[in-house]
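Undergrad:
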Amino acid sequence: MAEESLAANATGHYDPKWGWVESGRDRGTLDLLWSCCVTIILCAWVATHPNAGSPKDKWFHAVLDKTSLAMIGLLGPDFLFGIAFGQFSSARRSVKKFRTEKVPCNGATWTLTYAFFADMGGMLLTSPDFPDGFPVDANQLHYLLKHEHINFPDMKEMNIHERNTSDKLSRLITVWQALWFSVTEIVRIRNGLPMSTLELTALSYVFVMLATQVCWWKKPSIVQPRFICTKDNKPVSEIRAYAKQETHPDLPSDPDDWYRTPLDFLNGPRFQIGTHWSYYIRLTHLLNLGALASRPMKRRPWDRFPSDTWLPCERSWYIATPAAFVLLAFSMWFALGWNFYFPTTIERDLWHAFSIYHAVFGLYGGVYYLIEMLKWHREQNKSRERLGASRQVSSSSMTGSASSSTAVMVHQEVVITVKESTTTTTTTTTTKPTIHAAISINNADAESQTVIAPKRWRHLLPRHLVDLVDKAISILCRLDAFVEPARNISRDQDPEMRLPLKVIIPVTVTCYLYVVCRTYFWVEDFLSLRVQPTGVYITVNRYMPFWGDG
Numbered sequence: 217m218a219e220e221s222l223a224a225n226a227t228g229h230y231d232p233k234w235g236w237v238e239s240g241r242d243r244g245t246l247d248l249l250w251s252c253c254v255t256i257i258l259c260a261w262v263a264t265h266p267n268a269g270s271p272k273d274k275w276f277h278a279v280l281d282k283t284s285l286a287m288i289g290l291l292g293p294d295f296l297f298g299i300a301f302g303q304f305s306s307a308r309r310s311v312k313k314f315r316t317e318k319v320p321c322n323g324a325t326w327t328l329t330y331a332f333f334a335d336m337g338g339m340l341l342t343s344p345d346f347p348d349g350f351p352v353d354a355n356q357l358h359y360l361l362k363h364e365h366i367n368f369p370d371m372k373e374m375n376i377h378e379r380n381t382s383d384k385l386s387r388l389i390t391v392w393q394a395l396w397f398s399v400t401e402i403v404r405i406r407n408g409l410p411m412s413t414l415e416l417t418a419l420s421y422v423f424v425m426l427a428t429q430v431c432w433w434k435k436p437s438i439v440q441p442r443f444i445c446t447k448d449n450k451p452v453s454e455i456r457a458y459a460k461q462e463t464h465p466d467l468p469s470d471p472d473d474w475y476r477t478p479l480d481f482l483n484g485p486r487f488q489i490g491t492h493w494s495y496y497i498r499l500t501h502l503l504n505l506g507a508l509a510s511r512p513m514k515r516r517p518w519d520r521f522p523s524d525t526w527l528p529c530e531r532s533w534y535i536a537t538p539a540a541f542v543l544l545a546f547s548m549w550f551a552l553g554w555n556f557y558f559p560t561t562i563e564r565d566l567w568h569a570f571s572i573y574h575a576v577f578g579l580y581g582g583v584y585y586l587i588e589m590l591k592w593h594r595e596q597n598k599s600r601e602r603l604g605a606s607r608q609v610s611s612s613s614m615t616g617s618a619s620s621s622t623a624v625m626v627h628q629e630v631v632i633t634v635k636e637s638t639t640t641t642t643t644t645t646t647t648k649p650t651i652h653a654a655i656s657i658n659n660a661d662a663e664s665q666t667v668i669a670p671k672r673w674r675h676l677l678p679r680h681l682v683d684l685v686d687k688a689i690s691i692l693c694r695l696d697a698f699v700e701p702a703r704n705i706s707r708d709q710d711p712e713m714r715l716p717l718k719v720i721i722p723v724t725v726t727c728y729l730y731v732v733c734r735t736y737f738w739v740e741d742f743l744s745l746r747v748q749p750t751g752v753y754i755t756v757n758r759y760m761p762f763w764g765d766g
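So the sequence shown is numbered by the working numbering: it starts at 217 and just counts up by one.
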């Protein structure tokens, strides 16, 4: 009977209704705003799980970290999902590594929660040369345990599960609110009632939030880290010396040649998506927009891991496929509002255009992430192969004859001397660069290119063309010197934070358009409430008396 009544009044449901609608038998504008905004805020706030803070943090720093993640979720929940999925994948890799490469764990089982706890900076390693400590992730912890540089920490003393109980309750409340909101919207669709764009946006947050919660379900809520110490008060410098001699022969001889933490070399090449993200976070701070980004890292070594750290996912299709589905669905989500009611034709056309761009950006970002993820895994494999080859060469040189060993040692000494001098020179020019140094270097390149390269063909061209080419090369080289500081804007001029312009320019343009796109969706969600179809305000419990207002 209810379905027949709805069918008879179907045309009336789409008659426009202007202005503010008061609540009565049906829901009003305030009810619509309340249900959608509460759902979005809960999804953006409770679904975020920041990393552990620094021991020197104040009480409000934890709020700032959670707020920065919530801002990411409000601007682009797909970005927040990417962060959560990468951290989940890293925790899974750690559990697998602890299972396959046995290390002394005092009978304890390394779990996802423990892996999350380590990766979020929950444990700070202290030593005589680093009394304040610095965070070690799960991969670094495994190395330290494997080579007996530390004892396995007492995980029970960390009180991880006790401090995680209240957070589990808030997660359950958020999931319940999200499911309740989703069911009411499904009932509205089933009954043929129209939907506002604000409700469509809220549903997108529910969808991505549930996926994000799955990734972060085992991540504990820890504010302050715990301290662990090296075995027998061993200095970290000795650990680095041991690594250079036994496992990482390519490690620089200078014990102070590091940027984030002294053990950062154990993680191999950095994930470029994280490098790109750090670049723009740093840019927001330089533009005095730090309130929209995570807190800057000002201490050396780092005393915490940023909460918005991007980590690569596993190279496993049964793990990557669900993530790809979430990304694809969210990318296409706003195209579902293609035939929604819009107050003006311009607003409708803009929605169409931005929904298309939103889908294209999502696909572009997914492919970009996939490429960088595969590159990271390939670099990891190459790094392991190089380390294995270096160890084999070292072993064979030690077991050779005395004369050949002496020759090899002399040869290695010469190579190492040259390599160290080259490294010192490179460090001087890359880790402490200035604009003048960049200009002088590039001017030298310009002179070599202007004088040497054209010599091959300058006699074949008229004089004025040769001069024109020389001027063009000089201008390009000076332009390259001018933009050189923009390639690396990190605080400590970390060479691994340098990005090529061919990456910076397209990523900057596409991300800027994405921000414009998301901003328009937000503006239109609220602006379109000035006129909506009558059916938007019909409450579903008119036809389902046992159901709450929706």
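We treat Cβ as the ideally placed atom computed from N, Cα and C, and that holds for glycine.
#1: Using the C-alpha atoms, what's the distance from Arg-442 back to Pro-512?
#2: Grouping DSSP H, G and I as helix and E and B as strand, with all else coil, what is Glu-350?
#3: Distance check for Asp-480 and Tyr-557, CA to CA, integer angstroms please.
#4: Can you tell me which residues form a DSSP beta bridge with Thr-342?
#5: Just to confirm the assignment, what range does the beta strand (DSSP E) spanning Lys-233 have?
#6: Give me the residue from Thr-283, Ala-268, Phe-297 with the minimum Cα distance to Val-542.
#7: Secondary structure at Pro-436, three-state DSSP: helix, strand or coil?
#8: Output the distance between the C-alpha atoms of Ile-366 and Arg-714, rounded to the nearest integer angstrom.
#9: Compare the Cα-Cα distances from Ile-389 to each of Met-425, Pro-410, Lys-362 and report the closest residue.
#10: How many Å lie between Cys-733 and Tyr-573 at the Cα?
#11: Do you know how far the Cα of Lys-312 is from the Cα of Thr-750?
#12: Is Gln-709 helix, strand or coil by DSSP?
#13: Is Ser-664 helix, strand or coil by DSSP?
#14: According to DSSP, is Val-237 part of a helix, a strand, or is it coil?
#15: Can you tell me which of the three DSSP states Pro-517 falls into?
#16: Specify whether the segment 391-400 and the segment 255-275 touch according to this definition: at least 3 beta carbon pairs, one from each stretch, less than 8 Å apart.
#17: Please classify Val-747: does DSSP put it in a helix, a strand, or coil?
#18: What is the DSSP secondary structure of Asn-504, counted as helix, strand or coil?
#19: Give me the residue from Ser-251, Arg-694, Leu-681 with the minimum Cα distance to Leu-419.
#20: Note down, in chain order, each residue of its chain lying with its Cβ closer than 8 Å to the Cβ of Ala-702, except the 5 sequence neighbours on either side.
#21: Please go through the same chain and pick out, in chain order, the residues whose beta-carbon is closer than 6 Å to the beta-carbon of Gln-198, but skip the five residues on each side of it.
#22: Would you give the residue range spanned by the alpha helix (DSSP H) that Arg-511 belongs to?
#23: If you reduce the DSSP assignment to three classes, tell me which class Lys-455 lands in.
#24: Would Leu-482 and Ser-305 be called neighbours here (beta carbons separated by less than 8 Å)?
#25: By the 10 Å Cβ neighbour count, where 16 or more other Cβ atoms means buried, how is Phe-332 classified, buried or exposed?
#26: Contact defined as beta carbons within less than 8 Å: I believe Phe-570 pairs with Phe-737. What is the distance between those atoms, to the nearest angstrom?
#27: When the Cα of Pro-320 is compared with those of Tyr-359, Lys-687, Met-287, which residue comes out closest?
#28: Buried or exposed: Arg-456, going by 16 or more other Cβ atoms within 10 Å of its Cβ?
#29: Between which residues of its own chain and Pro-293 is the CB-CB distance below 8 Å, once the five residues before and five after are set aside?
#30: If contacts are defined as beta-carbon pairs under 8 Å, then His-363 and Tyr-458 qualify, I think. What distance do you get, rounded to the angstrom?
TA: Per the coordinate set shown:
#1: On the sequence shown, residue 512 is found 296 positions in, with the first residue counted as 1. On the sequence shown, residue 442 is found 226 positions in, with the first residue counted as 1. Rounded to whole angstroms, Pro-512 to Arg-442 spans 22 Å at the Cα level.
#2: For this step, residue 350 is matched to residue 134 along the sequence shown. The sequence shown places Phe at residue 350, rather than the Glu named in the question. Reduced to three states, the DSSP call for Phe-350 is strand.
#3: Numbered from 1 along the sequence shown, position 341 holds the residue referred to as residue 557. Numbered from 1 along the sequence shown, position 264 holds the residue referred to as residue 480. Tyr-557 and Asp-480: Cα-Cα distance of roughly 53 Å.
#4: Stepping through the sequence shown from its first residue, residue 342 is reached at position 126. Thr-342 is bridged to Cys-445.
#5: What you label residue 233 is simply residue 17 of the sequence shown in a count that begins at 1. Start and end: 232-234.
#6: The residue you call residue 542 lines up with position 326 of the sequence shown. Per the Cα distances, Phe-297.
#7: Residue numbering aside, residue 436 sits at position 220 when the sequence shown is read from its first letter. Coil.
#8: Residue numbering aside, residue 366 sits at position 150 when the sequence shown is read from its first letter. Residue numbering aside, residue 714 sits at position 498 when the sequence shown is read from its first letter. Between Ile-366 and Arg-714, the alpha-carbon positions lie close to 34 Å from each other.
#9: Residue 389 sits at position 173 when you count from the first residue of the sequence shown. For the residues Met-425, Pro-410, Lys-362, the minimum Cα distance to Ile-389 belongs to Met-425.
#10: In the sequence shown, counting from the first residue as 1, residue 733 sits at position 517. In the sequence shown, counting from the first residue as 1, residue 573 sits at position 357. Inter-residue distance for Cys-733 and Tyr-573 is about 8 Å (C-alpha atoms, whole angstroms).
#11: The sequence position of residue 750 within the sequence shown is 534, counting from 1. The sequence position of residue 312 within the sequence shown is 96, counting from 1. Cα to Cα, the separation comes out at about 55 Å.
#12: Sequence index remark: in the sequence shown, residue 709 carries index 493 (1-based). Of the three classes helix, strand and coil, the one that applies to Gln-709 here is coil, per DSSP.
#13: Locating residue 664 in the sequence shown gives position 448, where the first residue counts as 1. Note on Ser-664: pLDDT 40, under 50, position unreliable in the model; no value is reported.
#14: As a first step, residue 237 is located in the sequence shown; it is residue number 21 there, counting from the start. Coil at Val-237, not helix or strand.
#15: In the sequence shown, the residue the question calls residue 517 occupies position 301. Three-state DSSP puts Pro-517 in coil, outside helix and strand.
#16: The segment 391-400 is in contact with the segment 255-275.
#17: Taking the sequence shown and counting its residues from 1, one reaches residue 747 at position 531. Residue state for Val-747 is assigned as strand, using DSSP reduced to three classes.
#18: Looking up residue 504 in the sequence shown gives position 288. Three-state DSSP puts Asn-504 in coil, outside helix and strand.
#19: Walking along the sequence shown from the start, residue 419 turns up at place 203. When only C-alpha atoms are compared, the closest one is Ser-251.
#20: As a first step, residue 702 is located in the sequence shown; it is residue number 486 there, counting from the start. Shown here for Ala-702: same chain residues with a beta carbon closer than 8 Å to its own, the five before and five after excluded, namely Leu-717, Ile-720 in chain order.
#21: A query on residue 198 cannot be resolved here, the shown segment of the chain reaching from 217 to 766 and no further.
#22: To locate residue 511, count along the sequence shown from 1; it is residue 295. Per DSSP, Arg-511 belongs to no alpha helix (DSSP H) and is neither H nor E.
#23: For the purposes of this step, residue 455 is taken as the residue at position 239 of the sequence shown. Per the sequence shown, the amino acid found at residue 455 is Ile instead of Lys. Here Ile-455 sits in helix by DSSP.
#24: In the sequence shown, counting from the first residue as 1, residue 482 sits at position 266. In the sequence shown, counting from the first residue as 1, residue 305 sits at position 89. With respect to Ser-305, Leu-482 sits apart: the two C-beta atoms are not nearer than 8 Å.
#25: Translated into the one-based positions of the sequence shown, residue 332 becomes position 116. By the neighbour-count rule (16 or more Cβ atoms within 10 Å), Phe-332 is buried.
#26: As a first step, residue 570 is located in the sequence shown; it is residue number 354 there, counting from the start. As a first step, residue 737 is located in the sequence shown; it is residue number 521 there, counting from the start. The pair is a contact, with the Cβ atoms about 7 Å apart (cut-off 8 Å).
#27: Taking the sequence shown and counting its residues from 1, the one referred to as residue 320 is at position 104. Looking only at Tyr-359, Lys-687, Met-287, the smallest Cα-Cα distance to Pro-320 is reached by Tyr-359.
#28: Numbered from its first residue, the sequence shown carries residue 456 at position 240. Within 10 angstroms of the beta-carbon of Arg-456 lie 16 or more other beta-carbons, which makes it buried.
#29: Locating residue 293 in the sequence shown gives position 77, counting from the first residue. Result list for Pro-293: Cys-259, Ala-260, Ser-420, Tyr-421, Val-424, Met-425, Thr-428, Phe-546, in chain order.
#30: The residue you call residue 363 lines up with position 147 of the sequence shown. The residue you call residue 458 lines up with position 242 of the sequence shown. Right, the Cβ-Cβ distance comes to about 7 Å (below 8 Å), so this counts as a contact.
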